[in-house]
Amino acid sequence: MVLVGQATTIATAAVVDLHCHHHTLFPLFWCSSFFKVKCLFKFGFLSKRIEHQGLNHFNPSITVVLLPVRATRCPSKYSFIWNLPENHKIELPLTSSNQPIQKAGRHFSGWLGTIARKPHLCPIKYKNWTEMQDELKEEIWDIVQSKWILPEEPARLEATKNRTLSSIATYWRNHKSTLKKKYFLGRGNRARAPPNVIQEDYEAIVQHWSLPKTRDLALKNKNSRSKQKNVHTGGSKSFASHAKEMVTTLGKPVERADVYVKLHLHKDGTPVNAEAQSNIEKINELLSESSNRVQSSDLTGSISWAPDDVYAQVFGNERNGRVRGVGFGPTPSMHPAKSTPAIAQCKINKIILQKLVGVVSV
Numbered sequence: 001m002v003l004v005g006q007a008t009t010i011a012t013a014a015v016v017d018l019h020c021h022h023h024t025l026f027p028l029f030w031c032s033s034f035f036k037v038k039c040l041f042k043f044g045f046l047s048k049r050i051e052h053q054g055l056n057h058f059n060p061s062i063t064v065v066l067l068p069v070r071a072t073r074c075p076s077k078y079s080f081i082w083n084l085p086e087n088h089k090i091e092l093p094l095t096s097s098n099q100p101i102q103k104a105g106r107h108f109s110g111w112l113g114t115i116a117r118k119p120h121l122c123p124i125k126y127k128n129w130t131e132m133q134d135e136l137k138e139e140i141w142d143i144v145q146s147k148w149i150l151p152e153e154p155a156r157l158e159a160t161k162n163r164t165l166s167s168i169a170t171y172w173r174n175h176k177s178t179l180k181k182k183y184f185l186g187r188g189n190r191a192r193a194p195p196n197v198i199q200e201d202y203e204a205i206v207q208h209w210s211l212p213k214t215r216d217l218a219l220k221n222k223n224s225r226s227k228q229k230n231v232h233t234g235g236s237k238s239f240a241s242h243a244k245e246m247v248t249t250l251g252k253p254v255e256r257a258d259v260y261v262k263l264h265l266h267k268d269g270t271p272v273n274a275e276a277q278s279n280i281e282k283i284n285e286l287l288s289e290s291s292n293r294v295q296s297s298d299l300t301g302s303i304s305w306a307p308d309d310v311y312a313q314v315f316g317n318e319r320n321g322r323v324r325g326v327g328f329g330p331t332p333s334m335h336p337a338k339s340t341p342a343i344a345q346c347k348i349n350k351i352i353l354q355k356l357v358g359v360v361s362v
């Protein structure tokens, strides 16, 4: 297996500089492995990577391929990932909640978006993701596994698979929404499929969009979105990546109330709006009491939370199936209080209590 590593932005920039000096215009992973490794050792950027892999000496069979620095703001096609040679993979750093983080995590999320826009992998003719054929989902997962180094533990691998497919489902819905806004509701020709869209699939989804029931639902959703006031300043970077940076800076775990405060302040320290200011004041007041903080030792970037934490006290209890303020992936059932041992202990306690009540009643 040939591993594709992740280096720092500075290391990447250093190698890119050397490439520019020689006027080379091809991707970094096409160049000499020895040249790249020599540069990385020269600038001192590879030792931590090799130590992380548990290697005591340099193995010439390992090819280190750097993640490139984007030079433009236009949408990326992530060709450097799609064109990886066989048996070359990128290591994907994950939190304990299986959320991608760091630079590789951002590339991973962006690359998943390109999968959602490929018409042969994610046809737009389906009304929702549940109608998508299982064969297509398995094909997508095979592609993901061929490009990325994922957890070997079965439970974590399955969780990563579910999260990955859910992310692609979100990108797929967003892609259809963009097509609808630009070509169906805009000035485009409704009878002509947009670029990179199969004509038959486009005709099928246009027919669905034209139904009165679909139009009414779209209007209802639009009105709901217009009422959202909790805008944040996190940009495209995931909550988990922001949390990992906070953990690195603070040297301690962070909970979702901490992340809320960070992502609802401008660079000058002012809240994004009046509602955010009110929420931040309530959060800071509650967090001033150490007893209100969530007890955690997780430094991977996972955002700590509890059903009765400060965030819940300010914003209310959670709804079924999702957890607010922790990013995409975690669910209520993943909380330690909802884990199998905890549930089993609750059942045992209930049985003991019933027996005690029975003894007293006799």
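The sequence shown begins at 1 in the UniProt record's numbering and counts up by one. Cβ coordinates follow ideal geometry from the N, Cα and C atoms, glycine included.
Top-ranked residue by Cα proximity to residue i, from the options
i: R173; options: P123, I149, P212, E138; result: P123
i: S177; options: N221, E318, E255, E135; result: N221
i: V144; options: E281, W82, K262, K282; result: W82
i: E203; options: N279, Y126, E281, V314; result: Y126
i: K77; options: T249, L112, F184, K137; result: L112
i: L179; options: I205, D308, L121; result: I205
i: P307; options: L299, T300, G301, R324; result: R324
i: S210; options: I198, V197, A191; result: A191
i: E214; options: S167, N128, L67; result: Correcting the residue type first, residue 214 is Thr in the shown sequence and not Glu. Of the listed residues, the one whose Cα sits closest to T214 is N128.
i: G235; options: T160, P212, H266; result: H266
i: G327; options: W141, I101, N196; result: I101
i: R256; options: V247, W305, L84, A155; result: W305
i: S241; options: K103, E86, L84, L67; result: K103
i: D142; options: K161, S167, H232; result: K161
i: K147; options: F80, G251, E318, A218; result: F80
i: D309; options: D258, A155, D201, Y183; result: D258
i: R322; options: E200, A276, S166; result: S166
With 16 other Cβ atoms within 10 Å as the buried cut-off, status of residue i
i: K244; result: buried
i: Q207; result: exposed
i: K42; result: Confidence at K42 is low in this model, with a pLDDT of 36, below 50, so the placement of that residue is unreliable and no value is reported for it.
i: H120; result: exposed
i: S97; result: buried
i: A193; result: buried
i: P330; result: buried
i: D216; result: exposed
i: T164; result: buried
i: S238; result: buried
i: S339; result: Low per-residue confidence applies at S339: pLDDT is 38, beneath 50, and the placement is therefore not dependable, though the value from the model is reported in the following sentence. Classification for S339: exposed.
i: L84; result: buried
i: A274; result: exposed
i: T130; result: exposed
i: L185; result: exposed
i: L263; result: buried
i: H23; result: Interpretation of H23 is limited by its pLDDT of 36, a score under 50 that renders its predicted location unreliable; the figure taken from the coordinates is listed afterwards. H23 comes out exposed.
i: A155; result: exposed
Expected contact under 8 Å - CB spacing of residue i and residue j to nearest Å
i: V254; j: I280; result: Contact doesn't hold; Cβ gap of about 15 Å is too wide.
i: T95; j: T300; result: 4 Å
i: S302; j: Q133; result: Not quite, the Cβ-Cβ distance comes to about 33 Å (not below 8 Å), so this is no contact.
i: I198; j: I168; result: With 8 Å as the limit, I198 and I168 do not qualify as a contact, their Cβ atoms being about 18 Å apart.
Chain B contact for residue i (CB, 8 Å cutoff)
i: V206; result: Although the question refers to chain B, the structure presented lacks it and comprises just one protein chain.
Taking contact to mean 3 or more Cβ pairs, one atom from each stretch, closer than 8 Å, check whether the stretch 77 to 94 and the stretch 103 to 111 are in contact.
yes
Which residue spans inside the stretch 275 to 320 form an unbroken alpha helix (DSSP H) run of at least 4?
310 to 315
Is the stretch 147 to 160 close to the stretch 212 to 232, with three or more CB pairs under 8 Å?
no
Whether or not the stretch 283 to 290 and the stretch 307 to 326 are in contact is what I'm after, with contact meaning three or more pairs of Cβ atoms, one per stretch, closer than 8 Å; do they touch?
A contact is defined here as three or more CB-CB pairs under 8 Å, and the stretch 307 to 326 meets this definition with respect to the stretch 283 to 290.
Specify whether the stretch 261 to 272 and the stretch 290 to 298 touch according to this definition: at least 3 beta carbon pairs, one from each stretch, less than 8 Å apart.
no
What are the uninterrupted segments assigned as alpha helix (DSSP H) that are 4 or more residues long and contained completely in the stretch 151 to 205, given in chain order?
You should have 154 to 179.
With a threshold of 8 Å, are at least 3 pairs of Cβ atoms found where one atom belongs to the stretch 165 to 172 and the other to the stretch 110 to 117?
Taking 8 Å as the limit for Cβ pairs, the verdict is that the stretch 110 to 117 does touch the stretch 165 to 172.
Please give the ranges of any beta strand (DSSP E) in the stretch 82 to 111, keeping only runs that are unbroken, at least 3 residues long and fully inside the region.
Assignment of beta strand (DSSP E) within the stretch 82 to 111, counting only whole runs of 3 or more residues, yields 88 to 91 in chain order.
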